[in-house]
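Heads up: the sequence shown begins at 1 in the UniProt record's numbering, then just goes up one per residue. Ideal Cβ positions, reconstructed from N, Cα and C, are used throughout, including at glycine. From a predicted model like this one, the values you see are computed outputs, not experimental measurements.
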Amino acid sequence: MNKLISLLLVCFITVALVNADCAVDFDSDTVNSITSSQWSCLAGTNTRVIMQVWSGGYGYTSGIATAVQGAQAAGISTIDLYAFLCNQCSGNSPSSSAIQSIVSQLQNDGVSYNMLWIDVEQCDSCWGDLGDNAAFVQEAVEAAQNLGVNVGVYSSVGEWSQTVGNLSGLGVDLWYAHYDGQASFSDPDCYEFGGWTSPTMKQYDGNANQCGVSVDLDFFGSGTCSSSTGSGSGSGSTSGSTSGSTSGSTSGSGSTSGSGSTSGSGSSSGSGSSSGSGSGSSSGSGSGTSN
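What follows is the structure in structure tokens.
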């Protein structure tokens, strides 16, 4: 009996360790479609989820409160949010006002969350010149900090340089994208940009399906995480679900490594991404725009 109990404990601890550092993220369209049974299923594999709360010119994700409640009810312990802001998108400038709007609406909706990630990547007609873009992103980060929000940045080595140039020294957590299918931080060439030398979280697969939900797979911490699907390690970056003008943005959530670019389900993410030896850049939590 004692041996059986010991064996069961070992199995339980092993499963806990496997899932301890697993997370998934999804865009605003997906956020609004997840059922309670799917949340329960996702909670069996992940201890963290990241949901899109703001989508460029489309603004605030109206169903975010219901989605957060569903995740919490399923027992997911850490809930993060991410916001794609762009200075050429309607209702996004100044970025401090957009951040204030996000935080105020979350408070009004009674939403509790761990972190707010600022999504920095390319999309068609979303951005101005590098200097203006850098100032816009820095203002967003500082606005969140001034409001007492735990804030971080989501980007990749290629998307960062294409969008904000050599901006560095923000001093916040980094969630980076590199589609190598590896749930580890063993790719420093892909996260040593913008002044960062160590990451908090990695998006390592952007075309997965868990529990009937289209997700990106993420890894955080220092433990292990098992992947339930294959990974994409090709070239370029994937973008959002539509393309067009500056009045809106949706997030397709994803990245791949290498050079060049490919589109998600509609738009290309600008001039692609670059890096040697497949470490490339990625456009995770991608974005596209539409009228």
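C-alpha gap between residue i and residue j, whole angstroms
i: glutamate 192; j: serine 168; result: 11 Å
i: isoleucine 76; j: serine 28; result: 18 Å
i: tyrosine 60; j: tryptophan 54; result: 5 Å
i: glutamine 105; j: glutamine 210; result: 29 Å
i: threonine 78; j: glycine 57; result: 27 Å
i: glycine 152; j: phenylalanine 219; result: 15 Å
i: alanine 71; j: glycine 148; result: 23 Å
i: phenylalanine 185; j: valine 141; result: 24 Å
i: asparagine 63; j: alanine 208; result: The sequence as given places glycine at residue 63; asparagine does not occur at that position. Glycine 63 and alanine 208: Cα-Cα distance of roughly 22 Å.
i: leucine 170; j: alanine 73; result: 34 Å
i: asparagine 166; j: serine 36; result: 43 Å
i: leucine 42; j: arginine 48; result: 10 Å
i: leucine 85; j: aspartate 124; result: 13 Å
i: residue 331; j: alanine 23; result: Residue 331 lies beyond the range of the chain shown here (1 to 291); nothing can be said about it.
i: glutamine 138; j: valine 103; result: 17 Å
i: phenylalanine 136; j: glutamine 100; result: 14 Å
i: alanine 177; j: leucine 217; result: 10 Å
i: valine 111; j: valine 31; result: 14 Å
i: serine 90; j: glycine 221; result: 36 Å
i: residue 300; j: lysine 202; result: Here the chain has residues from 1 to 291 only, and residue 300 is not among them.
i: threonine 242; j: glutamine 122; result: Annotation note: pLDDT 33 at threonine 242 (below 50); position unreliable, no value reported.
i: glutamine 52; j: glycine 206; result: 15 Å
i: serine 253; j: serine 97; result: Residue placement at serine 253 is poorly supported in this model, since its pLDDT is 40, which falls under 50; the coordinates are not used for a value here.
Contact under 8 Å by Cβ, residue i with residue j
i: aspartate 109; j: alanine 144; result: no
i: tryptophan 127; j: glutamine 88; result: yes
i: residue 327; j: leucine 81; result: With the chain covering 1 to 291 only, the question about residue 327 has no answer from this structure.
i: aspartate 25; j: valine 215; result: yes
i: tyrosine 154; j: glutamine 182; result: no
i: leucine 116; j: alanine 83; result: yes
i: aspartate 189; j: aspartate 180; result: no
Neighbour-count burial assignment, residue i, 16 or more Cβ in a 10 Å radius
i: glutamine 107; result: exposed
i: serine 268; result: Note that serine 268 has pLDDT 34, beneath the 50 cutoff, so the model's placement of it is unreliable and no number is given.
i: threonine 45; result: buried
i: aspartate 129; result: exposed
i: phenylalanine 163; result: Reading off the sequence shown, one finds threonine at residue 163, where the question assumed phenylalanine. Threonine 163 comes out buried.
i: serine 95; result: buried
i: glycine 158; result: buried
i: asparagine 133; result: buried
i: asparagine 114; result: exposed
i: serine 156; result: buried
i: asparagine 146; result: exposed
i: glycine 131; result: exposed
Supposed close pair residue i, residue j - CB separation, criterion 8 Å
i: aspartate 21; j: glycine 195; result: About 24 Å separates the two Cβ atoms, so there is no contact after all.
i: threonine 197; j: aspartate 173; result: That belief does not hold up - the Cβ atoms of threonine 197 and aspartate 173 are roughly 12 Å apart, past 8 Å.
i: valine 120; j: tryptophan 175; result: The pair is not a contact, with the Cβ atoms about 10 Å apart (cut-off 8 Å).
Inset, instruction - Quick one: which unbroken beta strand (DSSP E) runs of 3-plus residues sit fully inside the region 58 to 142? Chain order, please. - result: 78 to 84 and 116 to 119
Inset, instruction - Could you pull out every unbroken beta strand (DSSP E) segment of at least 3 residues lying fully inside the region 163 to 209, listed in chain order? - result: 173 to 177
Inset, instruction - Could you name each continuous alpha helix (DSSP H) segment of 4 residues or more that falls completely within the region 27 to 61, going from the start of the chain to the end? - result: 28 to 31 and 36 to 43
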